[in-house]
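See below for the structure under consideration.
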Amino acid sequence: MISHYKNEDYYYLHGLTPSRDECEGGGCEPGDLTKRMACPWQADFFQCTFQYINFTDPTINKVNSRPKPPTYYSYWWPPQSPWDVLIGDLTEEAQAEAHNPAGTQVNYQRGVNSFVQMVENWFSLGFIRDQNPGQKGYPYIVETERDNVLFSFRDVPVGEISGNPEDDATTIPVYFIEQNRALIRRRGRRGRRLADYLDQRNFKPIRISAAGLGFPRSGSRNRR
């Protein structure tokens with residue numbers, strides 16, 4: 039649970055304090071968790087997760103989006119925007135929806151494959167929690183509460199990419215947002231409630247900027 043900074047009356051009077059460092063303690067106020075991110079914050083959350091960085095000569099700029107060798111695979115902010123996580127589902131039903139047993143290392147944003155999908159479906163991502171808080175020194179930090187009913191899964195044979203049938207013995211897991219609402223509804227009570235919400239959202243008017251802003255500057259989306 040996150041403590042409140044000041045109180046509700048204070049926030050209504052003063053609003054968000056952009057310069058305040060919420061990491062100093064004293065709690066958080068609405069907007070603290072996203073105030074240093076892009077607008078919409080989901081775009082920053084989707085894109086800015088890792089970067090190839092040269093630590094030996096940081097004054098040299100990139101050429102063709104590649105830093106000077108040697109480069110290192112560096113995470114930006116894994117506590118706020120995880121990259122790889124461990125699945126924490128324990129029941130038979132939950133593991134079937136996740137397509138994996140507990141303890142499997144997977145990409146946190148799996149199934150969300152574009153900026154627009156992140157803006158529309160960020161709520162489906164899980165929370166990272168310690169499921170063994172009672173034993174100090176032995177944390178079990180896993181992904182929980184992900185809306186797996188929104189996503190479908192396919193093992194894609196490598197031969198479909200390489201064109202070599204001999205490669206089909208090896209597959210690559212691919213996650214994607216299920217577009218068939220009837221299929222989502224068949225995934226239990228949570229699936230029915232989610233499908234109802236998605237149907238309602240489809241008819242909600244969306245304001246579009248007349249400026250026609252382009253896509254954000256893109257980094258790597260290679261999901262290893």
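Here the working numbering = 1-based position in the sequence shown + 38. In this text, a Cβ means the ideal position worked out from N, Cα and C, and glycines have one as well. Predicted model, so just to flag it, every value in this text is computed and none were measured.
#1: Does DSSP put Tyr49 in a helix, a strand or coil?
#2: State the Cα-Cα distance for the pair Pro139 and Asp127, rounded to the nearest angstrom.
#3: Pull the bridge partners of Ser112 from the DSSP assignment, please.
#4: What first and last residue would you give for the alpha helix (DSSP H) that runs through Gln155?
#5: Which whole-angstrom value describes the C-beta separation of Arg167 and Val180, a residue pair presumed to lie in contact below a C-beta threshold of 8 Å?
#6: By alpha-carbon positions, which one of Gly63, Glu216, Ala233 ends up nearest to Arg223?
#7: Relative to the C-alpha of Gly229, which candidate in Glu62, Pro171, Asn186 has its C-alpha closest?
#8: Taking the Cβ atom as the reference point for each residue, do Leu188 and Ser152 lie within a distance shorter than 8 Å?
#9: Expressed to the nearest angstrom, what Euclidean distance is found between the alpha-carbon atoms of Asp70 and Cys61?
#10: What residue does the alpha helix (DSSP H) around Leu236 start on, and which one ends it?
On the basis of the data shown:
#1: Of the three classes helix, strand and coil, the one that applies to Tyr49 here is helix, per DSSP.
#2: When rounded, the distance between both Cα atoms is 7 Å.
#3: According to the DSSP secondary-structure assignment, Ser112 is paired through a beta bridge with Gln89.
#4: Segment 153 to 159, the alpha helix (DSSP H) holding Gln155.
#5: About 7 Å; that satisfies the 8 Å criterion.
#6: Minimum Cα distance to Arg223 is reached at Ala233.
#7: Nearest of Glu62, Pro171, Asn186 to Gly229, Cα basis: Asn186.
#8: Cβ distance not < 8 Å, so Leu188 and Ser152 don't count as in contact.
#9: Near 10 Å, if we compare the C-alpha coordinates of Cys61 and Asp70.
#10: For Leu236, the enclosing alpha helix (DSSP H) has its first and last residue at 226 to 240.
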